[in-house]
Amino acid sequence: LITLVALAALAALALLALSTAPGRGFIRDQIEATEFENGLRLSVGSIEGSLLGAMTLRNLALSDPQGTFARAPAIEIVWNPLAFALGRIEIENARAETATLKRVPEFFETPPSDAPFFPDYAIAIDAFALDRLVIEAPVTGAQRIATITGKARIEDARAHVTLDAASRADGGESGERLALTLDAVPDDNRLDLDAALNAPADGIIAAFAPWSGALEAKIEGAGDWTRWDGRLEAVLDGDETASLALTARNGTLRAEGDARLAQIIPSGVAALFEGDTKIALEARLEEPITAVTARMNNAAFSFEGQGGVGVSASQFDNFEGELRVPDASAIANSVSGSGIRTRFTLNGSLTRPDLAYTLTADRLTANAYGVEGFEASGSTSVDLTQMSVPISAQARRVVGLETAAGGPLTDVRLTGDVMVSWPRVLADNLRLRSSRLDATITVLANGQEGRYGGAIEGRLGDYALQSVGLFDAATGARFNGDAGAGVALEGSIQARSTALTNAGARALTGGDTALSSDVRYGRDGVTRISNIRLASPRLQVAEGGGEYSAQGVMDITLSGLSSDYGPLGLTLGGTLAQPVATLTAARPDVGVGLTDLTAIIRGDNGLYAIEAEGGSDFGPFTASMTADYSGKRAV
322 LITLVALAAL
332 AALALLALST
342 APGRGFIRDQ
352 IEATEFENGL
362 RLSVGSIEGS
372 LLGAMTLRNL
382 ALSDPQGTFA
392 RAPAIEIVWN
402 PLAFALGRIE
412 IENARAETAT
422 LKRVPEFFET
432 PPSDAPFFPD
442 YAIAIDAFAL
452 DRLVIEAPVT
462 GAQRIATITG
472 KARIEDARAH
482 VTLDAASRAD
492 GGESGERLAL
502 TLDAVPDDNR
512 LDLDAALNAP
522 ADGIIAAFAP
532 WSGALEAKIE
542 GAGDWTRWDG
552 RLEAVLDGDE
562 TASLALTARN
572 GTLRAEGDAR
582 LAQIIPSGVA
592 ALFEGDTKIA
602 LEARLEEPIT
612 AVTARMNNAA
622 FSFEGQGGVG
632 VSASQFDNFE
642 GELRVPDASA
652 IANSVSGSGI
662 RTRFTLNGSL
672 TRPDLAYTLT
682 ADRLTANAYG
692 VEGFEASGST
702 SVDLTQMSVP
712 ISAQARRVVG
722 LETAAGGPLT
732 DVRLTGDVMV
742 SWPRVLADNL
752 RLRSSRLDAT
762 ITVLANGQEG
772 RYGGAIEGRL
782 GDYALQSVGL
792 FDAATGARFN
802 GDAGAGVALE
812 GSIQARSTAL
822 TNAGARALTG
832 GDTALSSDVR
842 YGRDGVTRIS
852 NIRLASPRLQ
862 VAEGGGEYSA
872 QGVMDITLSG
882 LSSDYGPLGL
892 TLGGTLAQPV
902 ATLTAARPDV
912 GVGLTDLTAI
922 IRGDNGLYAI
932 EAEGGSDFGP
942 FTASMTADYS
952 GKRAV
């Protein structure tokens with residue numbers, strides 16, 4: 322008993338000591354010594370009055386790593402410290418005559434906390450007021466003055482909140498106005514909810530909102546906790562943005578109606594929300610888990626989700642969702658496709674949930690390049706500040722690259738990890754494989770701007786060079802692009818023949834042939850090649866270059882040396898299916914002393930018409946002939 326009395330006496334002496342000038346100075350020093358992970362710092366000039374009741378904080382300043390961004394000359398607080406020791410925050414009155422927000426703070430990036438959103442304290446604030454908040458021009462573009470008053474009591478599934486806030490331009494022009502009343506006491510069968518917001522286009526809210534324009538919104542209703550009916554109406558720049566019926570039945574809340582959301586959501590997905598979107602939301606308020614059901618659909622997509630959300634614990638509990646996009650052109654003009662579906666499951670922290678997903682698409686293309694029969698899956702912990710997403714994807718067929726890849730690409734598989742620090746996306750260990758392809762890919766992208774770039778290195782087998790034969794190729798290339806303009810690629814390629822199907826090519830080269838060149842693939846769909854080199858038993862090419870398009874149109878010039886025909890020159894035009902070749906040879910001989918040969922060869926799917934002229938031991942000559950290489954032998 323003596324020990325307990327002594328401890329109580331010491332506690333009382335400690336509390337009394339805190340009310341002295343040295344005690345208040347100690348508390349002030351502790352406040353200023355507190356360091357937050359994001360770089361926030363607080364400083365107090367002095368503390369006047371009693372820490373055990375009524376006190377005044379003088380010259381309170383808030384700072385970020387760049388310096389002070391907000392200041393209040395004086396804040397008067399009347400509170401109950403004994404209640405705080407018992408798990409309650411009781412403030413009779415909190416008031417500041419004036420405060421200034423100089424600029425928007427810029428804090429260090431920090432990972433989201435797994436701690437609950439709300440502290441485990443009952444909160445009772447009988448009155449709070451900020452008579453004059455000066456918001457300087459760097460925040461919203463023009464200086465504005467705001468006032469805030471209200472009161473709040475939140476404890477044991479009860480909430481009573483009253484808030485009034487208004488702003489005006491420094492010259493007196495009116496600005497925002499927010500009025501909120503919430504009185505929810507289930508045990509007393511009481512529910513009252515009314516809210517009204519008026520936010521002009523040049524106001525404080527508009528400066529930070531993703532939309533532009535003046536917003537008016539209100540919630541009105543009547544009834545009690547057993548049965549309450551109301552509506553949410555929102556108008557943006559004179560156009561109705563949302564009209565939702567709200568109901569509450571013994572703790573089950575519902576919202577249902579139409580909304581036009583394209584103007585108020587991020588631009589990256591706004592195209593999905595053009596026109597009216599039907600919304601149906603339901604939440605059954607139960608402890609510890611609230612059961613949530615959500616449905617949204619319009620002409621572009623449909624979404625269904627259901628699962629548990631623990632508000633007090635800030636947790637997802639097996640929340641499952643499915644998003645369907647019948648036509649991918651709703652995402653962007655340059656995108657097309659069908660049968661796009663995403664399924665996902667969320668568990669864990671609301672701020673950093675565990676995500677498992679599956680994405681499938683019957684067809685998905687962008688700027689004429691894409692995939693068919695696509696499926697990807699993976700799981701990760703969602704954290705846009707720094708997130709690693711494992712990728713395991715496969716596609717039945719890649720489309721649009723048949724010409725560049727020398728034939729179809731089928732049964733393609735992609736594995737690796739993607740690092741996301743939004744809007745930056747990095748993948749440096751992607752592996753792309755198929756029966757013909759084995760490549761590694763590095764990608765760096767900006768998801769907000771739609772730009773990307775990277776590099777690819779790999780080997781491609783059975784590369785079909787039409788009318789010539791099959792090759793095994795190796796390449797190293799850099800690429801870049803954006804969602805609207807397509808992709809550009811630059812690198813080099815080395816290839817070796819595995820089967821020369823053209824008898825003329827076999828005769829000219831004498832067998833195994835090695836090729837190399839530099840390649841640039843432009844956003845105009847044209848492949849430009851330079852520094853062409855060729856080595857074979859009977860033919861060497863030391864110089865060459867040109868271009869061909871995705872449609873097969875080509876314009877290529879080569880010069881080399883043949884052991885059979887001497888110096889050679891070759892110009893290729895037309896298309897791969899219908900080539901036009903001009904061949905020059907200084908001394909082809911062929912037993913009759915041919916010299917200065919010029920031959921024009923016109924092909925049509927294996928049929929060739931040849932016009933030739935030159936000199937010989939018997940004088941000048943001209944020749945005209947046709948040849949058929951469409952079968953297994955020449956005719």
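Residue numbers for the sequence shown follow my numbering, beginning at 322 and rising by one. For each residue, glycine too, the CB sits at the ideal point set by N, CA and C.
The DSSP-derived three-state label of L403 is helix. Shortest Cα-Cα distance from T483 to any of A473, R489, A490 involves A473. Sequence-distant partners of I610 (beyond 5 residues in either direction) whose C-beta falls short of 6 Å from its own C-beta, in its chain, are G629, G631, D638. Of the candidates A621, S713, F640, A601, the residue whose Cα lies closest to the Cα of A612 is F640. Take I661, set aside five residues on each side of it, and the residues of its chain with a beta-carbon closer than 6 Å to its own are V646, A649, A682, in chain order. When the beta-carbon positions are compared, T663 and A677 stay at least 8 Å from each other. Within the region 506-580, complete beta strand (DSSP E) segments of at least 3 residues are found at 511-520, 536-544, 549-557, 560-570, 573-580, given in chain order. Bounds of the alpha helix (DSSP H) holding R827 are 824-830. One alpha carbon belongs to S709, the other to A687, and they sit about 25 Å apart. Shortest Cα-Cα distance from P386 to any of S945, P426, A716, S657 involves P426. Burial state of Q636 is buried, judged by a 10 Å Cβ sphere holding 16 or more other Cβ atoms. In this chain, P888 is not harboured by any alpha helix (DSSP H); it is covered by the beta strand (DSSP E) spanning 887-895. Here L730 is not near R752, since their CB atoms are 8 Å or more apart. Just measuring C-alpha positions, the residue of G669, E577, R754, F622 sitting nearest I600 is E577. If you check the CB distance, G544 and D550 come in under 8 Å.
G881 places its beta carbon less than 8 Å from that of L889. When DSSP states are grouped into helix, strand and coil, T598 belongs to the strand group.
Assigned with DSSP and collapsed to three states, L582 falls in coil, not helix or strand.
Secondary structure note for T355: it is in no alpha helix (DSSP H), with a DSSP letter that is neither H nor E.
DSSP, read as helix, strand or coil, puts A458 in helix. Within the model, the alpha-carbon separation for T701 versus V741 is close to 11 Å.
Residue burial is scored here from C-beta neighbours: F529 has fewer than 16 other C-beta atoms within 10 angstroms and is therefore classed as exposed. Judged by beta-carbon spacing, L685 lies beyond the 8 Å limit of I712, meaning their Cβ atoms are not closer than that value.
Within the DSSP bridge table, the entry for G936 names T916 as partners. Bounds of the beta strand (DSSP E) holding A944 are 942-949. Looking from the CA of A566, the closest CA among G865, P521, G542 belongs to G542. Annotation for R859: no beta strand (DSSP E) segment contains it, and DSSP assigns it neither H nor E. Counted as a single uninterrupted DSSP element, the stretch harbouring L372 is not any beta strand (DSSP E), since DSSP gives it neither H nor E. A distance below 6 Å between beta-carbons, with the five flanking residues on each side excluded, links A902 to the following residues of its chain, in chain order: L893, I922. One Cα belongs to T419, the other to T355, and the distance between them is close to 25 Å. Excluding sequence positions up to five before and after A615, its CB lies within less than 6 Å of the CB of L602, G626, all in the same chain and listed in chain order. Taking V556 as the centre and dropping the five residues before and after it, the same chain places the C-beta of L536, E537, A538, T562 closer than 8 Å to its C-beta, in chain order. Looking only at T468, G924, L781, D917, the smallest Cα-Cα distance to G728 is reached by L781. Rounded to the nearest angstrom, the Cβ distance from G496 to I525 is 7 Å, consistent with a contact under 8 Å.
A Cβ-Cβ separation of about 5 Å places A382 in contact with S364 under the 8 Å criterion. The criterion of a C-beta distance shorter than 8 Å is not satisfied by S870 and V840.
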